[in-house]
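Q: Chains as they are written, first to last, in my numbering: chain A, 345 to 617; chain B, 345 to 617.
Protein chains: 2
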Amino acid sequence: MPTIAVFDSGFGGLTVLRALLPLIPGADYIYLGDTARLPYGAKSRQTIVRYALSSAAFLLSQGAEMLVVACNTASALALDELRAALPIPVVGVIEPGVQAAAQLPTTNDQRPTVLVLATAATVQSHAYAQACATLNLTAYEKACPLLVPLVEEGWIDHPVTAEVLRIYLSEALAAAPSVSTLVLGCTHYPLIRPLIERTLATLNHPLQIVDSATATAQAARATLPGAPSQTASSFEVGSATFYATDSIEKFQRLGSAFLGQPLPEVQLIDLGG
Amino acid sequence: MPTIAVFDSGFGGLTVLRALLPLIPGADYIYLGDTARLPYGAKSRQTIVRYALSSAAFLLSQGAEMLVVACNTASALALDELRAALPIPVVGVIEPGVQAAAQLPTTNDQRPTVLVLATAATVQSHAYAQACATLNLTAYEKACPLLVPLVEEGWIDHPVTAEVLRIYLSEALAAAPSVSTLVLGCTHYPLIRPLIERTLATLNHPLQIVDSATATAQAARATLPGAPSQTASSFEVGSATFYATDSIEKFQRLGSAFLGQPLPEVQLIDLGG
Numbered sequence: 345m346p347t348i349a350v351f352d353s354g355f356g357g358l359t360v361l362r363a364l365l366p367l368i369p370g371a372d373y374i375y376l377g378d379t380a381r382l383p384y385g386a387k388s389r390q391t392i393v394r395y396a397l398s399s400a401a402f403l404l405s406q407g408a409e410m411l412v413v414a415c416n417t418a419s420a421l422a423l424d425e426l427r428a429a430l431p432i433p434v435v436g437v438i439e440p441g442v443q444a445a446a447q448l449p450t451t452n453d454q455r456p457t458v459l460v461l462a463t464a465a466t467v468q469s470h471a472y473a474q475a476c477a478t479l480n481l482t483a484y485e486k487a488c489p490l491l492v493p494l495v496e497e498g499w500i501d502h503p504v505t506a507e508v509l510r511i512y513l514s515e516a517l518a519a520a521p522s523v524s525t526l527v528l529g530c531t532h533y534p535l536i537r538p539l540i541e542r543t544l545a546t547l548n549h550p551l552q553i554v555d556s557a558t559a560t561a562q563a564a565r566a567t568l569p570g571a572p573s574q575t576a577s578s579f580e581v582g583s584a585t586f587y588a589t590d591s592i593e594k595f596q597r598l599g600s601a602f603l604g605q606p607l608p609e610v611q612l613i614d615l616g617g
Numbered sequence: 345m346p347t348i349a350v351f352d353s354g355f356g357g358l359t360v361l362r363a364l365l366p367l368i369p370g371a372d373y374i375y376l377g378d379t380a381r382l383p384y385g386a387k388s389r390q391t392i393v394r395y396a397l398s399s400a401a402f403l404l405s406q407g408a409e410m411l412v413v414a415c416n417t418a419s420a421l422a423l424d425e426l427r428a429a430l431p432i433p434v435v436g437v438i439e440p441g442v443q444a445a446a447q448l449p450t451t452n453d454q455r456p457t458v459l460v461l462a463t464a465a466t467v468q469s470h471a472y473a474q475a476c477a478t479l480n481l482t483a484y485e486k487a488c489p490l491l492v493p494l495v496e497e498g499w500i501d502h503p504v505t506a507e508v509l510r511i512y513l514s515e516a517l518a519a520a521p522s523v524s525t526l527v528l529g530c531t532h533y534p535l536i537r538p539l540i541e542r543t544l545a546t547l548n549h550p551l552q553i554v555d556s557a558t559a560t561a562q563a564a565r566a567t568l569p570g571a572p573s574q575t576a577s578s579f580e581v582g583s584a585t586f587y588a589t590d591s592i593e594k595f596q597r598l599g600s601a602f603l604g605q606p607l608p609e610v611q612l613i614d615l616g617g
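#1: Report the option in Ser556/B, Val412/B and Pro440/B whose CA atom is closest to the CA atom of proline 346/B.
#2: If the cut is a Cβ gap below 7 Å, which residues of chain B does alanine 380/A touch?
#3: Does the distance from the C-beta atom of leucine 367/A to that of arginine 565/A stay below 7 Å?
#4: What beta strand (DSSP E) runs, 3 residues minimum, are completely inside the stretch 444–483 of chain B?
#5: When the Cα of valine 508/A is compared with those of Val504/B, Thr482/B and Gly377/B, which residue comes out closest?
#6: Apply the 10 Å Cβ neighbour rule to aspartate 515/B and answer buried if 16 or more other Cβ atoms are within range, or exposed otherwise.
#7: Please list the terminal residues of the continuous alpha helix (DSSP H) segment that includes isoleucine 592/B.
#8: So, helix, strand or coil for glutamate 485/B, using DSSP?
#9: On a Cα-Cα basis, can you pick out the residue from Pro521/A, Thr560/A and Ala559/A that is closest to leucine 544/A?
#10: Could you tell me if asparagine 548/B is buried or exposed, where buried requires 16 or more neighbouring beta carbons within 10 angstroms of its beta carbon?
#11: Taking Cβ positions only, does serine 524/A come closer than 7 Å to chain B?
#12: Can you tell me whether asparagine 405/B is buried or exposed, with buried defined as 16 or more other CB within 10 angstroms of its CB?
#13: Are at least three pairs of beta-carbons, each pair with one atom in the stretch 474–490 of chain A and one in the stretch 465–479 of chain B, less than 8 Å apart?
#14: From which residue to which residue does the alpha helix (DSSP H) around glutamine 552/A run?
#15: If we ignore side chains and look at the alpha-carbon of each, how far apart do histidine 532/B and glycine 370/A end up?
#16: Buried or exposed: where does leucine 448/A fall if 16 or more other Cβ atoms within 10 Å of its Cβ makes it buried?
#17: Output the distance between the C-alpha atoms of leucine 535/B and alanine 414/B, rounded to the nearest integer angstrom.
#18: Check this for me: beta carbons of alanine 464/A and alanine 487/A, under 7 Å apart or not?
#19: Check whether the Cβ atoms of valine 527/A and valine 554/A lie closer than 7 Å to each other.
#20: Alanine 592/A: which of Val458/B, Leu426/B, Arg542/B and Arg389/B sits nearest, CA to CA?
#21: Alpha carbon to alpha carbon, what distance is there between arginine 455/B and lysine 594/B?
#22: Compare the C-beta of aspartate 501/A with all C-beta atoms of chain B and state if any pair is closer than 7 Å.
#23: Return the CA-CA distance between proline 538/A and isoleucine 500/B, expressed in angstroms with no decimal places.
#24: Return no unless some Cβ of chain B is closer than 7 Å to the Cβ of aspartate 555/A.
#25: Would you kindly report the start and end of the unbroken beta strand (DSSP E) that includes isoleucine 540/B?
#26: On the CB-based measure, 16 or more other CB atoms within 10 Å of its CB, does aspartate 614/B come out buried or exposed?
#27: Can you name, in chain order, every residue of its own chain whose Cβ lies under 6 Å from the Cβ of valine 610/B, other than the five neighbours on each side?
#28: Beta-carbon separation of proline 440/B and alanine 584/B under 7 Å?
#29: Using a Cβ cut-off of 9 Å, which residues of the stretch 590–610 of chain B contact any Cβ in chain A, in chain order?
#30: Let me see if you follow: with CB-CB separation under 7 Å, is leucine 340/B close to chain A or not?
#31: Considering only residues of the same chain and omitting the five flanking positions on each side of isoleucine 432/B, which have a CB-CB separation below 8 Å?
#32: Tell me whether alanine 471/B is buried or exposed, calling it buried when 16 or more other Cβ atoms sit within 10 Å of its Cβ.
#33: Whole beta strand (DSSP E) runs in the stretch 359–441 of chain A with 3 or more residues, listed along the chain?
#34: When you compare the CB positions of threonine 558/B and valine 458/B, do they come within less than 7 Å of one another, or not?
#35: If you drop the 5 nearest sequence neighbours on each side, which residues of the same chain put their C-beta closer than 6 Å to that of glycine 623/B?
This is the structure:
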């Protein structure tokens with residue numbers, strides 16, 4: 345089984361690792377959170393590409409044989425550059441998420457219109473709109489710059505977060521009233537999924553929700569020729585190594601909520617930022 | 345007149361440059377916003393020191409003869425390291441801000457208790473509490489992680505920002521009911537000063553407010569032996585050069601509000617992050 349590297353700007357990508365562990369239980373995992381340079385979501389393409397390439401070079405030096413880009417912003421802005429630069433398979437989160445949205449049952453004969461909540465950088469890249477267009481889907485992309493800070497503040501079930509969601513979702517539904525599917529286009533957003541569902545209910549506009557983590561893990565498994573087709577019923581994190589470029593204490597504390605289990609030791613590395 | 349470098353993680357430090365221009369009108373200015381690696385406020389001391397030193401090295405290579413650290417987080421966590429590493433005077437924002445607070449008139453014989461709103465990293469450093477202690481002031485430091493994202497979102501007069509301020513200020517005033525002075529311990533906060541004043545009025549707890557920008561500019565002038573004691577009535581930004589490590593477009597767009605006038609051309613530089 346290969347060594348699989350999972351890369352994110354922070355610890356949000358641990359939700360993707362969480363989905364990978366039972367799907368490819370025999371692999372060795374290396375997780376890198378580039379926390380010294382986060383957030384990627386408000387920065388330029390040029391800077392995000394530079395950060396993603398230096399992160400990938402580190403993971404390659406650690407023996408990575410596959411790279412899963414578990415960060416929507418890096419997937420949106422740097423996937424082509426990563427694939428061109430690396431001699432290993434590179435899987436992003438955007439195509440798998442959009443494919444999962446396309447496979448949802450529809451209530452009528454029409455292809456669904458997809459609402460994508462994401463960071464400013466991801467929205468500006470229009471990576472989701474392009475991925476949707478190849479599957480004959482229409483996408484409406486909504487930038488939600490405050491959601492990551494609110495999740496990082498721990499306000500995942502808080503009236504202020506509910507009000508911010510009401511504003512963002514009202515604006516999006518007013519601009520694109522025919523949406524039937526919501527894609528969570530940032531790895532932080534699954535933590536406020538219950539609040540998103542309650543807000544949509546309040547707005548009388550329930551939506552099918554796609555979380556890209558599972559779809560991405562399945563896409564990663566599909567690239568492995570000899571991968572088992574069955575999901576393991578039990579698995580261990582013992583073969584996973586965790587690196588962060590800053591704030592190991594915060595990474596360890598908040599990361600457990602994303603991974604769904606206590607995090608083993610996290611090692612600090614310096615990527616020269 | 346010397347070449348004065350002003351350094352911040354973003355464009356908030358432009359409020360300090362704005363205060364410097366009329367006070368030291370003959371100087372040449374170099375401004376650096378380390379936007380590729382912002383925000384500093386949620387990161388560790390080790391990382392902030394590394395970023396501050398590499399930013400200062402660039403400014404020194406550009407001919408800086410004085411460094412004004414217009415970032416509260418960098419002043420709180422990296423000022424000693426900057427002073428040890430640089431052969432030029434280094435002025436931070438914390439001591440001048442605290443000195444300005446100490447000079448405010450008091451309503452009774454007691455020295456005022458100071459409430460400091462700041463980023464998580466600044467609060468964890470307790471730099472304000474230490475600076476206050478040397479002046480026989482008591483400080484209560486309150487971390488406000490959401491205020492920078494709200495200002496960057498442009499929600500400077502918005503019900504959500506008012507509610508977040510109400511929560512932060514209520515918590516602080518409950519923990520430290522005797523405060524009489526508020527120090528804005530982050531260069532982003534002056535933009536929401538009117539909302540802060542309205543929130544304090546709603547809470548029936550008006551406070552004297554200190555914005556460190558003017559006090560810092562005065563401290564910088566005091567280090568110049570031949571500086572004029574009069575403030576210029578007119579001045580030009582013509583001798584100022586602006587650098588950012590990312591997002592020139594955003595820097596140019598949002599920076600004008602902080603500088604109080606249109607920003608000249610901003611140059612992109614790569615500090616190797």
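Cβ coordinates follow ideal geometry from the N, Cα and C atoms, glycine included.
A: So, to answer that:
#1: Position 2 of the second sequence, counted from the start, is the residue given in the question as residue 346/B. Ranking Ser556/B, Val412/B and Pro440/B by Cα distance to proline 346/B puts Val412/B first.
#2: For the purposes of this step, residue 380/A is identified with residue 36 of the first sequence, where counting begins at 1. Around alanine 380/A, the beta-carbon contacts reaching into chain B at under 7 Å are Lys387 and Thr391.
#3: Counted from its first residue, the first sequence places residue 367/A at position 23. Counted from its first residue, the first sequence places residue 565/A at position 221. Going by C-beta atoms, leucine 367/A is nearer than 7 Å to arginine 565/A.
#4: For the stretch 444–483 of chain B, whole beta strand (DSSP E) runs of length 3 or above, ordered along the chain, are 457–462.
#5: Locating residue 508/A in the first sequence gives position 164, counting from the first residue. Valine 508/A has its Cα closest to that of Val504/B, out of Val504/B, Thr482/B and Gly377/B.
#6: Translated into the one-based positions of the second sequence, residue 515/B becomes position 171. The sequence shown places glutamate at residue 515/B, rather than the aspartate named in the question. With fewer than 16 Cβ atoms within 10 Å of its Cβ, glutamate 515/B is classed as exposed.
#7: Counting from one through the second sequence, the residue named residue 592/B turns up at place 248. Per DSSP, isoleucine 592/B belongs to the alpha helix (DSSP H) from 592–603.
#8: The residue labelled residue 485/B in the question sits at position 141 within the second sequence. Of the three classes helix, strand and coil, the one that applies to glutamate 485/B here is strand, per DSSP.
#9: Residue 544/A sits at position 200 when you count from the first residue of the first sequence. By alpha-carbon distance to leucine 544/A, the top candidate from Pro521/A, Thr560/A and Ala559/A is Pro521/A.
#10: For the purposes of this step, residue 548/B is taken as the residue at position 204 of the second sequence. In the assembly as shown, asparagine 548/B is an exposed residue. Its beta-carbon has fewer than 16 other beta-carbons within 10 Å.
#11: Position 180 of the first sequence, counted from the start, is the residue given in the question as residue 524/A. Contacts with chain B at 7 Å (Cβ-Cβ) do not include serine 524/A.
#12: For the purposes of this step, residue 405/B is identified with residue 61 of the second sequence, where counting begins at 1. Before going on, a small fix: residue 405/B reads as serine here, not asparagine. The residue in question, serine 405/B, is exposed, as its Cβ has fewer than 16 Cβ neighbours within 10 Å.
#13: Not touching, per the Cβ criterion.
#14: Residue 552/A sits at position 208 when you count from the first residue of the first sequence. Judged by DSSP secondary structure, glutamine 552/A falls outside any alpha helix (DSSP H) and instead within the beta strand (DSSP E) spanning 552–555.
#15: The count along the second sequence starts at 1 and reaches residue 532/B at position 188. The count along the first sequence starts at 1 and reaches residue 370/A at position 26. Roughly 48 Å between the two C-alpha positions.
#16: Counting from 1 along the first sequence, the entry for residue 448/A is found at position 104. Taking all protein chains in view, the Cβ of leucine 448/A is surrounded by fewer than 16 other Cβ atoms within 10 Å, so the residue is classified as exposed.
#17: By 1-based counting over the second sequence, the position of residue 535/B is 191. By 1-based counting over the second sequence, the position of residue 414/B is 70. Near 15 Å, if we compare the C-alpha coordinates of alanine 414/B and leucine 535/B.
#18: One-based indexing of the first sequence puts residue 464/A at position 120. One-based indexing of the first sequence puts residue 487/A at position 143. Yes, these two residues count as a Cβ contact at 7 Å.
#19: As a position in the first sequence, residue 527/A is number 183, starting the count at 1. As a position in the first sequence, residue 554/A is number 210, starting the count at 1. A contact, by the Cβ cut-off of 7 Å.
#20: Working through the first sequence from its first residue, we reach residue 592/A at position 248. Residue identity check: residue 592/A is isoleucine in the sequence provided, not alanine. Comparing Cα-Cα distances from isoleucine 592/A to each of Val458/B, Leu426/B, Arg542/B and Arg389/B, the minimum goes to Arg389/B.
#21: On the second sequence, position 250 is the one that residue 594/B refers to. On the second sequence, position 111 is the one that residue 455/B refers to. Roughly 42 Å separates the two Cα atoms.
#22: Position 157 of the first sequence, counted from the start, is the residue given in the question as residue 501/A. Closer than 7 Å: no.
#23: For this step, residue 538/A is matched to residue 194 along the first sequence. For this step, residue 500/B is matched to residue 156 along the second sequence. For proline 538/A and isoleucine 500/B, the distance between alpha carbons rounds to 28 Å.
#24: Reading the first sequence from its first residue, position 211 is the one you call residue 555/A. Chain B has no Cβ within less than 7 Å of the Cβ of aspartate 555/A.
#25: Start at 1 with the first residue of the second sequence, and residue 540/B comes out as number 196. No beta strand (DSSP E) contains isoleucine 540/B, which is instead part of the alpha helix (DSSP H) from 537–546.
#26: Counted from its first residue, the second sequence places residue 614/B at position 270. Counting every other CB atom within 10 Å of its CB across the protein chains shown gives aspartate 614/B a total below 16, marking it as exposed.
#27: Looking up residue 610/B in the second sequence gives position 266. Within the same chain, Phe586, Ala588, Ile592, Phe595 and Gln596 come within 6 Å of valine 610/B by CB-CB distance, once the 5 residues on both sides are set aside.
#28: In the second sequence, counting from the first residue as 1, residue 440/B sits at position 96. In the second sequence, counting from the first residue as 1, residue 584/B sits at position 240. Not a contact, by the Cβ cut-off of 7 Å.
#29: From the stretch 590–610 of chain B, only Asp590, Ser591, Ile592, Glu593 and Lys594 have a Cβ closer than 9 Å to chain A.
#30: Look at the range of chain B in this structure, 345 to 617, and you will see that residue 340/B is not part of it.
#31: In the second sequence, the residue the question calls residue 432/B occupies position 88. Taking C-beta separations shorter than 8 Å and ignoring five residues to either side along the sequence, the partners of isoleucine 432/B in its chain run Leu404, Ala408, Glu409, Met410 and Leu411, following chain order.
#32: For the purposes of this step, residue 471/B is taken as the residue at position 127 of the second sequence. A residue is called buried once 16 or more other Cβ atoms fall within 10 Å of its Cβ, and alanine 471/B is buried on that count.
#33: Qualifying beta strand (DSSP E) stretches, in chain order: 372–377 and 410–413.
#34: Looking up residue 558/B in the second sequence gives position 214. Looking up residue 458/B in the second sequence gives position 114. No, these two residues do not count as a Cβ contact at 7 Å.
#35: Chain B is shown from 345 up to 617; residue 623/B falls before or after that span and cannot be answered.
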